[in-house]
Amino acid sequence: MIVLGLSGAVSHDASAALLVDGELVAAAEEERFIRDKHAKGRQPAEAALFCLRQAGIRPEQVDAVAYPYAPIGLGSPARWHYAARHWYAPDRALTALFAGNRRFTRNRRRALAMLGGLGFENAGARFVPVEHHLTHASSAYHLSGFDGKVAILGIDGRGEYATTFFGYGEAGRIHTLAEFYEPDSLGGLYGAITEYLGFEMLDGEFKVMGMAPYGDPERFDLSRLLRSDGRRLRVNNRLVNVVGLRRYKRAGKGYFFSPRLVDWLGPPREGDAIDEPYIHYAAAVQKLLEDTVLRLVETHLGPTLAQGGTLAYAGGVALNVKLNQRLMALPDVQRLFVQPAAGDAGTALGAATYVAAGAGDTVQPMRHAYLGPAYSTDECLAACAAHPSRPHYRRLDDTVTTAADILAAGNPLAWLQGRMEFGPRALGNRSILGNPSFPGVAERINAQIKYRERWRPFCPSVSDRVAADIIGTDHPAPYMTFTFDVAPQWKARIPEVVHEDGTARVQIVSADTNPRYHALLDAMAERTGNAVLLNTSLNRRGEPMVCSPRDALDMFFGCDLEYLIMEDVLVTKPGVGGEG
């Protein structure tokens, strides 16, 4: 069976994924092709076209198009809960009761129009809506590779109405244990505080997570933001997750927190500094999230975890790596799989896997996240020849050796290799790399290349040969979805990738999934004694990750990078490294 999964129904993070007989063969985010971060309000036309071309599939060969948004019936408790909790905004409440999630009709129409433009109009593929939270669940469960009875957790802002999902998977089927509905959303709460702290919701939550270790979580008690007894959840929507007239407004923009929150905590943060009291608010909301989720998981998933020991997790909150570290430490969690595209882009995966599994296909585990386009060395050379900045470039005989020499000398290196990663993390194919033992390289990348806040941490890519020594466990970590405590003997060896709290968000690299990147780590071990690289995404602040050689060259000439390697092509600026 051939299933094309689409996302973008919630007005951001449009993407596409293609499953052929249960095997994930391609996936990509629309933002990478159109160069518009999060592709807000867009349909995944370019991403879907890429997936079909990558697999050599024509529209008439596709059996089903899976869509992560579905109509919710009046008999569902979701609509009644939403109406009751939004009594203060009667237009919202009445719409929920009498019109349901009317956005489904609009979304379906837009998706079908996009598919018509790709040649699907008379292709015969079924259009199959799947509830949003079930696509998150499926993207984690069906691609985890776990056997037996698997606990499933899904936490995000919202889909149609649901915000939180507890369930289990067994024999390819997903079963629901409990759900929460809007406005009782932990993702929404964290997003509202993200806005209060001066960042953009759906983009800056990881900045709050990165700020939190600089603060004291005990300085301020934020418990009035929610009530939870470990079984239920009720968010205080007089303070956060607010709509309509309850929203705090400034310069014509409405926010998802209220003036009451500002009266309580003070004016919203502005600027890039990490200062008081905001660092303590970040620490407190991070702790509130962690403690609340752990209690809910122990209540709703504890018996399932005690049986099988495996947990599959997705939804935007699943990208909170500090929370994931605490989940992994639960006594009954032996293995935790966090979908690397855990946010709404990953619902394209989940919609496709859910439909395929429902039709009887055996979905194969996710082996890696290198699912996007690749470019040959000749294509990279052609991009250099055509670029208006007239780059200095040459073809390399030994790419890994050249790259290792550049990095060992303390230089940041832009690195474009193989197929582009799916999801928000650079995993060694669209990366900026640095030597984590070279003092100041992280600050240089933040200030001169990424143009982002100086306090933002970087992540280490680590060879599987030394990973257990660095993080003290053999738990799989190929996707940068967990933090680990860095072993004391390693903190001084790789200080540029150890965060304020002594942790690091590690990617463990193996030769079978990324042989060239693994070889580069080996080459770094020969030069520095450490098979570790600082790894951050190949983009500047506010931009999507680079996709093509042209994108990489545009970025290269828009910042202070001096070295770029694309496949077997070295690009430099005049006067750098003897080039020019």
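The letter at position 558 of the sequence shown is residue 542 when you use my numbering, and the numbering goes up by one with no holes.
Beta carbons are placed, not taken as given, at the ideal position from N, Cα and C, and that holds for glycine.
Note that the coordinates shown come from a computational prediction; the quantities given were computed from them, not determined experimentally.
Euclidean distance between Cα positions of residue i and residue j
i, j, result
"G562", "L391", "Because G562 carries a pLDDT of 47, less than 50, the predicted location of this residue cannot be relied on, and the following value inherits that uncertainty. Cα to Cα, the separation comes out at about 16 Å."
"D5", "G334", "15 Å"
"L170", "I454", "32 Å"
"D552", "P197", "40 Å"
"L545", "M464", "24 Å"
"N308", "A336", "25 Å"
"L118", "H371", "45 Å"
"R414", "F111", "33 Å"
"H22", "S207", "31 Å"
"V246", "N498", "48 Å"
"D20", "L273", "30 Å"
"N540", "K434", "The sequence given here places Phe at residue 540; Asn does not occur at that position. Their backbone Cα atoms lie some 11 Å apart in a straight line."
"S(-5)", "E202", "37 Å"
"G300", "R403", "24 Å"
"R525", "A509", "30 Å"
"A12", "P357", "8 Å"
"L3", "P74", "42 Å"
"D(-3)", "M185", "13 Å"
"Y338", "V(-13)", "10 Å"
"A162", "A325", "23 Å"
"L217", "V560", "57 Å"
"A290", "E44", "46 Å"
"A388", "M312", "34 Å"
Residue from the options whose Cα sits closest to the Cα of residue i
i, options, result
"A302", "F190, A336, T288, R231", "F190"
"E14", "C368, F406, R215, E363", "F406"
"T346", "P43, E105, Y125, S(-1)", "Y125"
"D316", "D381, A135, G394", "A135"
"H159", "L181, A121, N519, E179", "A121"
"A32", "L58, P74, G292, A95", "A95"
"V425", "R378, T383, P479", "P479"
"V9", "M350, P43, Q270, Q432", "M350"
"L209", "A97, Y152, A509, G172", "G172"
"T512", "A12, G418, I263, A(-2)", "G418"
"F343", "S123, G156, P52, R42", "Per the sequence presented here, residue 343 reads as Ala, with Phe not at that position. The shortest C-alpha separation from A343 is found at G156."
"A332", "V114, Y265, T148", "V114"
"V450", "D506, S212, Y51, T148", "D506"
"V277", "R310, P251, I258", "R310"
"G292", "G141, G143, E154, A0", "E154"
Same chain, Cβ closer than 6 Å to residue i, five either side skipped, listed in chain order
i, result
"H70", "R76, A77"
"T294", "F130, V134, R319"
"F422", "G394"
"T283", "G214, R215"
"V516", "P420, P444, V446, I478"
"N221", "P167"
Cut-off 7 Å between Cβ atoms - residues of its own chain near residue i, not counting five sequence neighbours on either side
i, result
"P533", "Y359, E363, C364, A367, L400, M550"
"E30", "E14, F17, I18"
"A536", "A398, L400, L522, V530, L548, M550"
"G25", "S(-5)"
"M98", "Q27, A29"
"F150", "L137, L161, A162, H284, L285"
Contacting residues, own chain, Cβ-Cβ under 8 Å from residue i (five flanking each side not counted)
i, result
"Y145", "I56, S60, A62, R63, H65, Y66, A80, N85, Y165, E166"
"G194", "W439, R440, P441, H483"
"D205", "A268"
"Q491", "R409, L411, G412, C443, P444, S445, V446, A461, P462, Y463, M464, N519"
Buried versus exposed, by CB contacts within 10 Å (16 or more), residue i
i, result
"D458", "exposed"
"T556", "buried"
"E527", "buried"
"A68", "exposed"
"N106", "exposed"
"A235", "exposed"
"G108", "exposed"
"E179", "buried"
"F34", "buried"
"K237", "exposed"
"L(-10)", "buried"
"R37", "exposed"
"P375", "buried"
"D448", "buried"
"D381", "exposed"
"G564", "Summary for G564: the model assigns pLDDT 37, below 50, so the residue's position carries little reliability; its value from the coordinates is reported in the next sentence. G564 is exposed by the Cβ-count criterion."
Residues sharing a beta bridge with residue i, DSSP
i, result
"V305", "Its beta-bridge partners do not exist; DSSP assigns none."
"Y297", "L137, V322"
"D469", "T487"
"T160", "G151"
"G(-11)", "A1, A50"
"C443", "N519"
"R82", "Arg is not the amino acid found at residue 82; the sequence shown has Phe there. Note: F82 sits in no beta bridge, so no partner."
"H371", "Note: H371 sits in no beta bridge, so no partner."
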